[in-house]
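Participant: Have a look at this one.
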Amino acid sequence: MKKVRKAVIPVAGLGTRFLPATKAMPKEMLTVVDRPVVQYAVDEALEAGIEHIVFVTGRNKHVIEDYFDIQPELLDTLTRSGKHDQLASLQRLQLSAGTVSFTRQQSPHGLGHAVWCARDIIGDEPFALLLPDMVSFGKRGCLSGIMELYERTGGNVIAVEQCDPTETNKYGIVGKGRDVATGFAVTGMVEKPEPAVAPSNFYINGRYILQPEVFELLGTQERGAGNEIQLTDAMRRLSQVQDFHAHPYKGRTFDCGSKEGFIQANVAFALARSDIRDLVFGPIAEMISGQERRNEAA
Ligand code: UTP
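Take 8 as the starting number for the sequence shown in the numbering used here and just add one per residue.
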């Protein structure tokens with residue numbers, strides 16, 4: 008079984024659900040508390056043992072490259088002004104030279120196309136894929152869990168969570184087969200099925216380990232839902248010839264590509280931070296009880 012060394016993080020989408028904020032600012036750079044959304048995905052990848060990160064970028068995304076580069080003026084200023092804590096925290100986040108690659112998706116033809124753009128850098132080995140706007144919140148990063156299942160099963164592994172059974176038409180849903188180690192065998196994948204026909208309420212939450220054969224299937228450039236090249240379509244075809252397993256994530260994922268998911272993530276991460284919790288908890292609790300009183304009076 009080949010080791011998973013590289014992770015693809017696609018950041019070339021237009022982020023239309025978050026306009027106007029994303030007109031000039033990549034949605035992956037919106038901050039949850041004090042870190043850009045994409046930083047959470049990088050931390051999760053490193054925690055899971057990933058050695059090389061491949062960003063698939065697009066036009067108007069230069070700021071992501073700058074963010075992962077060294078900023079000598081900033082480091083000098085922090086050193087001279089004795090801001091050692093800030094300096095140390097920036098240095099901790101710095102990715103080593105040569106462990107990051109950037110490739111361009113020239114037009115946003117969909118997630119499947121973005122992944123395909125990484126094919127030459129990935130080569131003939133399994134790889135992790137993290138959708139950065141899906142931010143994992145839990146004791147452990149989601150990717151570590153699917154990596155462990157991969158070490159038992161090989162093949163392709165995806166992370167899943169359970170959605171409200173009435174909301175399956177918002178997600179990519181998998182069918183649940185027999186239990187295997189910390190997960191189960193996937194019996195099918197359907198994009199946004201109506202609740203009456205959904206095979207389960209397990210949805211794909213944006214973390215994958217995929218075999219390189221997926222690139223050949225993506226390379227046929229077949230268009231699916233929304234006239235985009237869909238990753239789910241290629242995975243469904245791959246699942247006819249290779250194993251797919253799913254690992255239910257024990258934490259929770261916030262869809263930071265949506266306004267409500269982004270706000271919920273900010274609240275959840277702020278309340279989990281010992282340096283900020285007390286500063287935000289009281290005012291949020293007051294706002295909620297004030298709103299409840301107004302609702303009752305109305
Ligand atoms: P989304 O579907 O959430 O991204 O893709 P989007 O298209 O930017 O969002 P909306 O629906 O218009 O608001 C999940 C991830 O895949 C990337 C996005 O940047 C995001 O990180 N992506 C999506 C690409 O890199 N290229 C694409 O063509 C589409």
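Using N, Cα and C, we set each Cβ at its ideal position, and we do this for glycine too.
As the structure is a prediction and not an experimental result, all values here were calculated from the model.
1. Nearest to G145 by alpha carbon, out of A188, G226, E54?
2. I want to check one thing, is the minimum distance from the CB of T189 to the heavy atoms of the ligand UTP below 6 Å?
3. Which word fits G22, buried or exposed, when buried means at least 16 other C-beta atoms lie within 10 angstroms of its C-beta?
4. Contact check, L137 vs A232 under 8 Å by CB: the rounded distance?
5. Take every Cβ of the region 182-194, pair it with every Cβ of the region 149-167, and state whether three or more of those distances are shorter than 8 Å.
6. Less than 8 Å between the CB atoms is what I'm expecting for I236 and L225, so what's the real figure, rounded?
7. Is P115 closer than 7 Å to G20 when the C-beta atoms are compared?
8. For the alpha helix (DSSP H) containing Q169, name the first residue and the last one.
9. Count the other CB atoms within 10 Å of the CB of E35; is the residue buried (16 or more) or exposed (fewer)?
10. The ligand UTP and P79: does the residue's C-beta get closer than 6 Å to at least one heavy atom of that ligand?
11. Within its chain, find whatever has a CB closer than 6 Å to the CB of K199; leave out the 5 residues flanking it on each side and keep chain order.
12. Quick check: is any heavy atom of the ligand UTP less than 6 Å from the C-beta of T260?
13. Applying the criterion that 16 or more other CB atoms from any shown protein chain within 10 Å of the CB defines a buried residue, is R301 buried or exposed?
14. I believe R216 touches A121 by the beta-carbon criterion, under 8 Å. Please report the beta-carbon distance rounded to the nearest angstrom.
15. When burial is assigned at 16 or more other CB atoms within 10 Å of the CB, is V204 buried or exposed?
16. CB of P139 to nearest heavy atom of the ligand UTP: below 6 Å?
17. Per DSSP, E198 forms a beta bridge with which residues?
18. Count the C-beta pairs between the region 53-70 and the region 11-19 that are closer than 8 Å, then say yes if the count reaches three, no if not.
19. Could you spell out the range, first to last residue, of the alpha helix (DSSP H) harbouring D240?
20. So, is T160 buried or exposed, given that buried needs 16 or more other C-beta atoms within 10 angstroms?
21. Hey, quick one: how far does the alpha helix (DSSP H) through N273 stretch, first residue to last?
22. What would DSSP say about F134, mapped onto helix, strand or coil?
23. Is the beta carbon of E72 closer than 7 Å to that of R109?
Facilitator: Put simply:
1. Numbered from 1 along the sequence shown, position 138 holds the residue referred to as residue 145. Nearest option by C-alpha distance: E54.
2. Walking along the sequence shown from the start, residue 189 turns up at place 182. No, since every heavy atom of the ligand UTP falls outside the 6 Å radius drawn around the Cβ of T189.
3. Stepping through the sequence shown from its first residue, residue 22 is reached at position 15. Result: buried.
4. What you label residue 137 is simply residue 130 of the sequence shown in a count that begins at 1. What you label residue 232 is simply residue 225 of the sequence shown in a count that begins at 1. Your pair L137 and A232 does not check out as a contact, with CB atoms roughly 22 Å apart and the cut at 8 Å.
5. Yes, since at least three Cβ pairs between the region 182-194 and the region 149-167 fall closer than 8 Å, the two stretches touch.
6. Along the sequence shown, one-based indexing puts residue 236 at 229. Along the sequence shown, one-based indexing puts residue 225 at 218. Contact between I236 and L225 holds, since their C-beta atoms are separated by about 7 Å, short of 8 Å.
7. Within the sequence shown, residue 20 is the residue found at index 13, counting from 1. Within the sequence shown, residue 115 is the residue found at index 108, counting from 1. Closer than 7 Å, so yes.
8. Mapped onto the sequence shown, residue 169 falls at position 162. Per DSSP, Q169 lies in no alpha helix (DSSP H) segment; the continuous beta strand (DSSP E) that holds it begins and ends at 163-169.
9. Residue numbering aside, residue 35 sits at position 28 when the sequence shown is read from its first letter. With 16 or more other Cβ atoms inside 10 Å of its own Cβ, E35 counts as buried.
10. In the sequence shown, counting from the first residue as 1, residue 79 sits at position 72. For P79, the Cβ stays outside the 6 Å cut-off from all heavy atoms of the ligand UTP.
11. One-based indexing of the sequence shown puts residue 199 at position 192. Closer than 6 Å at Cβ, skipping near neighbours: N176.
12. Within the sequence shown, residue 260 is the residue found at index 253, counting from 1. No, the beta carbon of T260 sits no closer than 6 Å to any heavy atom of the ligand UTP.
13. Your numbering for residue 301 matches position 294 in the sequence shown. When all chains shown are included, R301 counts as exposed.
14. Taking the first residue of the sequence shown as 1, we reach residue 216 at position 209. Taking the first residue of the sequence shown as 1, we reach residue 121 at position 114. The question names Arg, but residue 216 is Ile in the sequence shown. With 8 Å as the limit, I216 and A121 do not qualify as a contact, their Cβ atoms being about 17 Å apart.
15. As a first step, residue 204 is located in the sequence shown; it is residue number 197 there, counting from the start. Here V204 is exposed: its Cβ has fewer than 16 other Cβ atoms, across all protein chains shown, within 10 Å.
16. To locate residue 139, count along the sequence shown from 1; it is residue 132. Yes, since a heavy atom of the ligand UTP falls inside the 6 Å radius drawn around the Cβ of P139.
17. Within the sequence shown, numbered from 1, the residue matching residue 198 stands at position 191. The partner list for E198 (beta bridge, DSSP) reads G179.
18. Taking 8 Å as the limit for Cβ pairs, the verdict is that the region 11-19 does touch the region 53-70.
19. On the sequence shown, position 233 is the one that residue 240 refers to. 238-245 is the extent of the alpha helix (DSSP H) around D240.
20. For the purposes of this step, residue 160 is taken as residue 153 along the sequence shown, with counting starting at 1. With 16 or more Cβ atoms within 10 Å of its Cβ, T160 is classed as buried.
21. Mapped onto the sequence shown, residue 273 falls at position 266. Its alpha helix (DSSP H) spans residues 266-278.
22. Here residue 134 corresponds to residue number 127 of the sequence shown, with the count starting at 1. Assigned with DSSP and collapsed to three states, F134 falls in strand.
23. By 1-based counting over the sequence shown, the position of residue 109 is 102. By 1-based counting over the sequence shown, the position of residue 72 is 65. Per the sequence shown, the amino acid found at residue 109 is Phe instead of Arg. Yes, these two residues count as a Cβ contact at 7 Å.
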